[in-house]
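Peer 1:
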Amino acid sequence: MTEFLQLAFQGFSLGCTYALIGLGFVVIFRASNVLNFAQGAMLLVGAYLISWLAVDVGVPFLVAVLVAASLLTLGGAGFQAVVLRRVTGQPPFVIAMITIGAGIALVAGVEAIWGPEQRLLGDPWGSSSFQVGGVTIGWVKLWGIVVTAVAVAGYFAFDRYTRSGLAIRAIAGDEEATLSVGVPVRRMHAITWGLAGALATLGGLFLAGFPGAPQPTLGDAALRAFPAIVLGGLTSPVGAVIGGVVIGIVEVMTSGYAPDWTGANFYAVAPYIVMIAVLLVRPYGLLGRAPAERL
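Here the UniProt record's numbering is used: the first residue of the sequence shown is 1, the next is one more, and so on.
(1) Within its chain, find whatever has a CB closer than 7 angstroms to the CB of Ile249; leave out the 5 residues flanking it on each side and keep chain order.
(2) Nearest CA to the CA of Ala31: which residue from Ala258, Met97, Leu53 and Thr178?
(3) If you draw a straight line from the C-alpha of Leu295 to the C-alpha of Val94, how long is it?
(4) Under 9 angstroms, do Thr201 and Leu106 count as touching if we go by C-beta distance?
(5) What is the residue span of the beta strand (DSSP E) that Gln10 lies within?
(6) Does DSSP put Val147 in a helix, a strand or coil?
(7) Cutting at 8 angstroms between CB atoms, please list the residues of its own chain near Pro91, excluding the five before and the five after it.
(8) Skipping 5 residues on each side, what residues in its chain have a beta carbon closer than 6 angstroms to that of Thr99?
(9) State the beta-bridge partners of Gln131 as determined by DSSP.
(10) Going by other Cβ atoms of all chains shown within 10 Å of its Cβ, with 16 needed for buried, is Tyr257 buried or exposed?
(11) Would you please state the rounded distance, in angstroms, between the beta carbons of Gly288 and Thr254? I believe it to be under 8 angstroms.
(12) Which residue's Cα is closest to the Cα of Glu251: Thr262, Gly239, Val245 and Tyr267?
(13) My output table needs one value for Ala172: the three-state DSSP class, helix, strand or coil.
(14) Could you check what DSSP says for Arg85 in three-state terms: helix, strand or coil?
(15) Which class does Leu71 belong to by DSSP, given the choice of helix, strand or coil?
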């Protein structure tokens with residue numbers, strides 16, 4: 001029972017990180033139908049900025065996180081306003097290729113500036129843990145859960161109670177109608193990219209601490225969150241959070257309990273099996289909705 005609870009806690013912690021990453025994907029897709037393939041690279045840049053500020057520059061860790069998140073927010077919004085705004089109306093394939101190119105450029109930039117080696121993130125968590133009923137609770141994992149809860153609550157408060165959040169929800173429902181009543185749609189799109197940048201920074205922070213230091217391949221981990229957003233529904237922020245937690249638990253539980261004959265890396269395949277099984281029953285995910293069609 002102790003082993004089960006230990007794996008459940010670790011899975012929930014990892015799932016919270018996937019929820020942050022998945023929410024970044026969904027925030028953009030819901031408002032503009034753009035699947036941001038640069039999200040993993042944004043995650044990488046955020047983690048490296050935190051490492052550089054906290055370790056090399058010597059900025060207090062919390063300040064480093066806030067500065068990195070702010071820079072990624074501005075960078076994401078700026079990319080949408082300067083680049084993607086000019087290709088509005090182009091086929092989704094064109095926009096997807098632009099985000100892929102941007103992701104490749106960001107990864108190359110990180111390696112050019114900081115090199116291909118791992119970087120230290122500092123030791124803000126104290127590298128310590130404590131026991132609860134025989135279950136080891138690591139501080140980095142606990143803080144990951146807490147920060148995810150705060151970030152998700154903050155996003156949903158923004159989404160429901162601010163004018164910009166309500167405008168973005170309206171765009172997700174009917175962009176043409178929203179544009180016709182004077183809502184600045186392009187500005188709202190830029191805001192969603194800014195939000196995705198901030199979420200990517202937090203996701204990169206805790207993914208780098210789960211299990212190691214930031215390295216150039218960190219951005220590839222965003223693909224591990226993809227089953228979460230498909231499982232929950234590409235248009236559902238709540239689904240992204242639920243899907244992230246489910247996929248995190250499935251991944252860790254599989255690594256602990258899968259029989260030997262499944263292979264050493266079956267834990268990486270299991271989330272996709274769950275995703276496919278759900279899509280066979282719910283083609284748009286657990287909480288996703290089919291696109292509305294005009295008659």
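Positions of the beta carbon are idealized from the N, C-alpha and C atoms, including for glycine.
Peer 2: In brief:
(1) Excluding sequence positions up to five before and after Ile249, its CB lies within less than 7 angstroms of the CB of Ala8, Gly11, Phe12 and Gly15, all in the same chain and listed in chain order.
(2) Selected option, being the one with the closest Cα: Thr178.
(3) Caution is warranted here: a pLDDT of 44 is assigned to Leu295, below 50, making its placement in the model unreliable, and the coordinate value is therefore given only provisionally. Looking at the two C-alpha atoms, the distance is approximately 28 angstroms.
(4) No; because the gap between Cβ atoms is not below 9 angstroms, this pair is not in contact.
(5) In the DSSP annotation of this structure, Gln10 is not part of any beta strand (DSSP E); the continuous alpha helix (DSSP H) holding it starts and ends at Thr2 to Ser32.
(6) DSSP places Val147 within a helical segment (H, G or I) once states are collapsed to three.
(7) So no residue of the chain qualifies.
(8) Only Asn36, Phe37 and Ala38 meet the Cβ criterion.
(9) BP columns for Gln131 point to Thr136.
(10) Counting the other Cβ atoms within 10 Å of the Cβ of Tyr257 gives fewer than 16, which makes it exposed.
(11) Distance from Gly288 to Thr254 at the Cβ level is roughly 24 angstroms; contact not present, criterion being Cβ atoms closer than 8 angstroms.
(12) Minimum Cα distance to Glu251 is reached at Tyr267.
(13) For Ala172, the secondary structure class from DSSP, reduced to helix, strand or coil, is helix.
(14) Reduced to three states, the DSSP call for Arg85 is helix.
(15) In the displayed model, Leu71 falls within a helix according to three-state DSSP.
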